[in-house]
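To start, the structure under review is shown below, and the notes come after it.
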Amino acid sequence: MTLTDDGALISDGTVVHRILPLESGRLQDTDYFNLTEWIRTNHPDEIALITAYAELIQPDDLGVLGLAIKTAPTLGASLQRVERYYRLVTDTAIFHLEETGDPAFLDIEGQTADHPVLAFRNETAMAGFAVNMRRIVGAELTFEFVSFRHACRSDPERYAAHFGCPVRFGADRDAIAFDPAMLYLPNRLGDPAVSDFLTAHLETEISSIADTPSLAKTLVHRLTPALSNGLPQAAQVARDIGLSERTLYRRLADEGLTFRDVLGQAQSALAQELLRDSDASIAEIAFLTGFSEQSTFSRAFKRWVGQAPAQFRQHSSNI
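Residue 26 is where the sequence shown starts when you use the working numbering, and the numbers rise one by one after that.
This is the structure in structure tokens:
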């Protein structure tokens, strides 16, 4: 099948599906997910589709990033490049290399709202990485296990046959696990000089795009409008953005924050907006920002902005 810039998916000369026209040669995430879901639901064998994708995709399809991955000296160096530069390929997911534990992990973490096809997307991504890591390193590369957060939709033995290791479903992360020693395996085409040259080019590319917003900012943006329906729970928020609860806590800790801190930022942002731009009473605003008592809200608000809610409203109206 071929996808044209005007959004036509063509098979054997016939348009079989349409999406919105591409912008600068790239798909919007919802169009990409909807297209992937359409392909999945119209294929008679989902695991065969995953396997075919994994065998078809090649590092060279990733351009300079693929070449840098292939020529890195070791598997660990390759995965470090995946972790840092994969957002040049897509902004719908990031990869995280956890090198210090035993086993080591390569995680995929979603960066978009939930979608029915994301479980399938994660399976195909990990299947492709498994095949290509073995291509880059060789047959000596083995995996401890592969895990997915979702339930198994097909024969688990067929998944295990593809990955060459046990596959766990209903886990707390979408990841490939391997012995940390595997990170030191040399790549077949490893060439540090070439890889460093290509990595410098990737640094130039990545510096030209906007900085990725922090997870905290992403969560504040997501949580603020949801507060009027009650205080969101960390587990549900993590599911909504495609992370495990543990990963959510870890990534926030990397930014020096807790989920409670981020929730407070969202409450503060919404409270200030309502005090500036609405006629709601302070008691109503307390309720809309997740507080059961106005006094508790007032103390929290003064801690956040250094003023009582009534003082903040009065000051805002005078500006």
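Don't be surprised by glycine CBs; every beta carbon is placed ideally from N, CA and C. Since we're looking at a predicted model, the values are computed, not measured.
Looking from the CA of Y78, the closest CA among L273, G153, F326 belongs to G153. With a cut-off of 8 Å on Cβ pairs, the region 277-285 is not in contact with the region 305-325, counting fewer than three such pairs. Following the DSSP letters along the chain, one finds V262 inside the alpha helix (DSSP H) bounded by residues 259-265.
For V114, no alpha helix (DSSP H) segment is defined, and its DSSP state is neither H nor E.
Going by DSSP, T39 is part of the beta strand (DSSP E) stretching over 39-43.
In this structure, DSSP gives T27 an extended state, which the three-state scheme calls strand. Every unbroken stretch of the alpha helix (DSSP H) spanning 4 or more residues and falling wholly within the region 125-210 is given here in chain order: 143-162, 181-188.
Shown here, H68 sits in coil according to DSSP, grouped into three states, outside any helix or strand. The C-beta separation of A259 from L273 comes to about 6 Å, placing the pair in contact by the 8 Å criterion.
Membership of I82 in any alpha helix (DSSP H) is not indicated, and neither H nor E is assigned to it by DSSP. Closest option to L210, judged by alpha-carbon separation, among R159, L90, D279, A335: R159.
When DSSP reads this structure, F120 sits in a beta bridge with I133.
A33: member of the beta strand (DSSP E) spanning 33-36, first to last residue.
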